[in-house]
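Working notes, structure below.
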């Protein structure tokens, strides 16, 4: 058996890697035979079972000789181990790094449901949440079948992917600073947008900017945004962000890559179907115009659409953000930081995007 301190070092490295892989996964659904049990554990009435699923599985992945069902050392069983000490050296640190998906937890195994020698029939007889207990045991019995380190790692990944599913519709608290300078807020948005998100982060920021401009006195109203992957046309939406402007419906399409001709024309079609009067493209990229779209075509198409009742605009995000954040003043910039979080919630953005914004705001 590996020493406790060495086991914890191995464990925290595995946990960080598996969590990074889980956050990077494009698919949340799983075909694993324990996927349903994982979902049951994280939604169980006994919250500590979710922590145990991570810690017990991680222990097995850190040392294949360990029994995933064991919680305490004792007797002559060489597969038994001290899960509580292991949790303090792995889970606690990871939980803080991951923006506390389990709130503050300095001693994950302090609660009564986990003060047991092992997950067995004796422990089950004392458990109040039998469904949660049984699901956890199903997971750990399957984990015990792992014959290789990578096989055990796959179970850690599956458990953490289940945690991501559980957190998908959960809200996040955003710790706002008391002051918000233009320089600091621009740096915050730039840092946040450095990671590609398929437009989700940019959409939330643009929605927040227009919402703040509305509160600052610009005569627009009903600023709305939708899930980044929602079908705009099918939902009778003209684009990513919408509001009522001076002359009617105004819609914004956000792009974190150069605007292509195909995207340009598709957005125009959506806007006309939704009977929008003004369509703006906000592009965050080194080059505004992309594949198939040049100044000549842009000028002619803008004139043609104007004749049919649609105004077109293309703006650089960096320029637009600087002007907007200057106009709304410091109190408006502080409100903006809050509204980005609110927009992420309205979009049902992935939890990783919410956590990333919370982390950036916390450092301001």
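Numbering (our numbering), first residue to last: 784 to 1147. Where a beta carbon is used, it is the ideal one built from N, C-alpha and C, also for glycine. Keep in mind it's a predicted model, so treat the numbers as computed, not measured.
Opening and closing residue of the beta strand (DSSP E) in which residue i lies
{"i": "residue 1099", "result": "1094-1099"}
{"i": "residue 1032", "result": "1032-1038"}
Reference residue i; option with closest CA among the options
{"i": "residue 1069", "options": "1101, 972 and 1078", "result": "1101"}
{"i": "residue 788", "options": "858, 869 and 799", "result": "869"}
{"i": "residue 1082", "options": "1059, 987 and 1097", "result": "1097"}
{"i": "residue 814", "options": "824, 941 and 962", "result": "941"}
{"i": "residue 1134", "options": "852, 793, 823 and 949", "result": "949"}
{"i": "residue 1072", "options": "1053, 947, 1046 and 1052", "result": "1046"}
Helix, strand or coil at residue i according to DSSP, with G and I counted as helix
{"i": "residue 1106", "result": "helix"}
{"i": "residue 1061", "result": "strand"}
{"i": "residue 1018", "result": "In this prediction, residue 1018 scores a pLDDT of 48, lower than 50, which makes its location untrustworthy; no coordinate-derived value is stated."}
{"i": "residue 1024", "result": "strand"}
{"i": "residue 1006", "result": "strand"}
{"i": "residue 898", "result": "coil"}
{"i": "residue 853", "result": "strand"}
{"i": "residue 790", "result": "helix"}
{"i": "residue 955", "result": "coil"}
{"i": "residue 893", "result": "coil"}
Check whether residue i and residue j have beta carbons under 8 Å apart
{"i": "residue 1105", "j": "residue 985", "result": "no"}
{"i": "residue 862", "j": "residue 926", "result": "no"}
{"i": "residue 827", "j": "residue 945", "result": "no"}
{"i": "residue 1035", "j": "residue 922", "result": "no"}
{"i": "residue 1108", "j": "residue 969", "result": "yes"}
{"i": "residue 1008", "j": "residue 1129", "result": "yes"}
{"i": "residue 955", "j": "residue 1141", "result": "yes"}
{"i": "residue 1110", "j": "residue 971", "result": "no"}
{"i": "residue 1061", "j": "residue 1089", "result": "no"}
{"i": "residue 934", "j": "residue 873", "result": "no"}
{"i": "residue 936", "j": "residue 844", "result": "yes"}
{"i": "residue 1124", "j": "residue 957", "result": "yes"}
Residue i, enclosing alpha helix (DSSP H) - first and last residue
{"i": "residue 1136", "result": "1134-1145"}
{"i": "residue 1047", "result": "1044-1056"}
{"i": "residue 917", "result": "913-926"}
{"i": "residue 881", "result": "From DSSP, residue 881 is part of no alpha helix (DSSP H); its letter is neither H nor E."}
{"i": "residue 820", "result": "818-825"}
{"i": "residue 1117", "result": "1112-1129"}
{"i": "residue 837", "result": "831-845"}
Which ranges does the beta strand (DSSP E) cover as unbroken runs of at least 3 residues, wholly within the region 928-1003, from first to last along the chain?
Entirely contained in the region 928-1003, not one beta strand (DSSP E) run reaches 3 residues.
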